[in-house]
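Heads up, the thing below is written out as structure tokens.
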Amino acid sequence: MAEERSMREERGKFRGNLVIDDAVDFWGAVNGNMKVVAGGKLYMRGAIYGNLTVEDGGRVHVFGHVTGDLLVMAGAKVIHSGTIGGDAINRGGRLYVEAGAVVMGKVKTRDGETRIHSKAKVNP
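Numbered by numbering that gives the first Met the number 0, the letters in the sequence shown go through residues 0 to 123 in order.
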């Protein structure tokens with residue numbers, strides 16, 4: 000039987016860069032960059048004052064705000080329902096931009112699968 004991992008909740012304010020390698024429900028704020036690596040699963044409900052990078056094996060659902068860029072690397076999966084202040088760049092993963100999501104920069108697909116809902120707010 001597969002081991003079930005519980006999701007821990009994080010709240011509060013953090014300074015500096017954070018790396019996520021487990022399951023986290025994040026309600027806080029980060030003044031820095033955040034990276035989700037293999038084994039990491041992030042529900043991002045708070046704010047990142049920097050960039051969010053999702054590497055191979057990382058999974059993210061953005062409900063909150065990222066002031067910088069979102070980078071989706073090969074082997075990563077991101078569902079975006081919140082606000083990205085910069086660009087959303089897919090470099091080989093799977094990126095889904097849902098209705099109601101906002102990308103203030105551009106959505107750029109270098110490789111991988113990108114789907115943008117017709118009701119998402121993105122720059123052409």
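Note that CB positions come from ideal geometry on N, CA and C, so glycine has one too.
Here the structure is a predicted model, which is why all the values come from computation and not from measurement.
Rounded to whole angstroms, what is the Cα-Cα separation between Arg114 and His64? Between the alpha carbons of Arg114 and His64 lies a distance of about 20 angstroms.
I need the straight-line Cα distance from Ala87 to Leu70, nearest angstrom please. One Cα belongs to Ala87, the other to Leu70, and the distance between them is close to 6 angstroms.
With Asn134 as the anchor, note down where its beta strand (DSSP E) starts and where it stops. Coverage of the chain is limited to positions 0 through 123, which leaves residue 134 absent and any answer about it impossible.
To which residues of the same chain is Ile83 closer than 6 angstroms at the C-beta, ignoring the five residues directly before and after it? The residues are Val65, Leu69, Val102.
Excluding five sequence neighbours on each side, which residues of the same chain lie with their C-beta closer than 7 angstroms to the C-beta of Val121? For Val121, the CB contacts under 7 angstroms within the same chain, skipping 5 residues up- and downstream, are Val96, Val102, Val106, Ile115 in chain order.
When you compare only the Cα positions, how much space is there between Gly49 and Asn30? So the two alpha carbons sit approximately 7 angstroms from each other.
Consult DSSP for Ala1 and reduce its assignment to one of helix, strand or coil. Unreliable placement is indicated for Ala1, whose pLDDT of 49 sits below 50; the coordinate value is still reported in the next sentence. In the structure shown, Ala1 falls within a coil segment according to DSSP collapsed to helix, strand and coil.
Our contact map puts Gly39 next to Asp21 with C-beta atoms below 8 angstroms; I'd like the distance itself, whole angstroms only. Contact holds; Cβ gap of about 6 angstroms.
Got a sec? Which residues, its chain only, sit under 8 angstroms from Val23 by beta carbon, not counting five neighbours each side? Excluding residues within five positions, the ones whose Cβ falls inside 8 angstroms are Met6, Arg7, Glu8, Glu9, Gly39, Lys40, Leu41, Tyr42.
How is Phe62 classed by DSSP in three states: helix, strand or coil? Coil.
So what does DSSP say about Met72, is it helix, strand or coil? The DSSP-derived three-state label of Met72 is strand.
Run through DSSP, which three-state label would Ala87 get? DSSP places Ala87 in strand when its eight states are reduced to three.
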